[in-house]
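>
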DNA sequence: CTTACATTAGTCAAAAATTGACAAGTCAAC
DNA sequence: GTTGACTTGTCAATTTTTGACTAATGTAAG
């Protein structure tokens, strides 16, 4: 999901994987995989990309973290209930 | 959190760590750590414990998974927003 | 068709994280 | 000061993740 978003932003800016990969100090194979969700982005990557694409850091980081949550809950039972409960607890701890 | 719950249930049943650990085919040191959140429970452990303590499997599994979510989101920015977004997406994918 | 360039797939060693097991420690009650 | 319940610390072994590199695929232009 964050990968799809990044790809959209990249294409909107007409940038090549090669160019964006350079900003992240990685190679095209890696970024290709990241965009397709086959490898995770590092948090620092997201911050760099927020600058490159002039997006609010918060928006991209939120999507990035949501992605991580979904990655390690899907394929589990009671996903929705668990996320709801996690949300409730997180709010309480505020 | 799931650890606290398990400990409560164990104490309510007046069982010793040693006894419950045996059910999980592990030792007391391990279960002690699990109850205190220093090591994770395996999913299968939770199911065994639901039987031992006569609790609804769903309730314990939900708490167990919520725990996992919180573990890898806390210490991050935008935790609540991310969990909210994850919930939204999870619901859509239903 | 063949070249040139963008992207994707595959592989793999090194690094990092997790796991399970054991020994030793604290602490309270007796 | 011994016993029993629990906790702490350590460690090798397994598993997972990471980064990098090479090869394959796609595609548009000449």
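Protein chains in written order, with UniProt numbering: chain A, 1 to 94; chain B, 1 to 94. We treat Cβ as the ideally placed atom computed from N, Cα and C, and that holds for glycine.
Looking at the C-beta of residue 44 of chain B, does it have a partner C-beta in chain A at a distance below 9 angstroms?
The sequence position of residue 44 of chain B within the second chain is 44, counting from 1. Answer no: the Cβ-Cβ gap between residue 44 of chain B and chain A never drops below 9 angstroms.
> Among residues of its own chain, excluding the 5 on either side of residue 57 of chain A, which ones have a beta-carbon nearer than 7 angstroms to its beta-carbon?
Within the first chain, numbered from 1, the residue matching residue 57 of chain A stands at position 57. Here the set comprises 47 and 50.
> Using CA coordinates, which residue listed in B:32, B:25 and B:84 is at the minimum distance from residue 8 of chain B?
The residue given as residue 8 of chain B occupies position 8 in the second chain. Residue 8 of chain B has its Cα closest to that of B:32, out of B:32, B:25 and B:84.
> Measuring only the C-alpha atoms, how far is residue 25 of chain A from residue 55 of chain A?
Translated into positions along the first chain, residue 25 of chain A becomes position 25. Translated into positions along the first chain, residue 55 of chain A becomes position 55. Distance between the alpha carbons of residue 25 of chain A and residue 55 of chain A is about 20 angstroms.
> Rounding to the nearest angstrom, what Cα-Cα distance links residue 75 of chain B and residue 5 of chain B in this structure?
The residue you call residue 75 of chain B lines up with position 75 of the second chain. The residue you call residue 5 of chain B lines up with position 5 of the second chain. In this structure, the CA atom of residue 75 of chain B is about 23 angstroms from the CA atom of residue 5 of chain B.
> If you draw a straight line from the alpha carbon of residue 77 of chain A to that of residue 20 of chain B, how long is it in whole angstroms?
Numbered from its first residue, the first chain carries residue 77 of chain A at position 77. Numbered from its first residue, the second chain carries residue 20 of chain B at position 20. Distance between the alpha carbons of residue 77 of chain A and residue 20 of chain B is about 25 angstroms.
> Tell me the DSSP secondary structure of residue 10 of chain B in three-state form.
Residue mapping note: residue 10 of chain B aligns to position 10 of the second chain, counting from 1. Three-state result, residue 10 of chain B: helix.
> Can you tell which of B:59, B:81, B:34 and B:90 has the C-alpha that lies nearest to the C-alpha of residue 72 of chain A?
The residue labelled residue 72 of chain A in the question sits at position 72 within the first chain. The candidate whose alpha carbon is nearest that of residue 72 of chain A is B:90.
> How many angstroms separate the CA atom of residue 27 of chain A from the CA atom of residue 39 of chain A?
The residue you call residue 27 of chain A lines up with position 27 of the first chain. The residue you call residue 39 of chain A lines up with position 39 of the first chain. C-alpha separation (whole angstroms): 13 angstroms.
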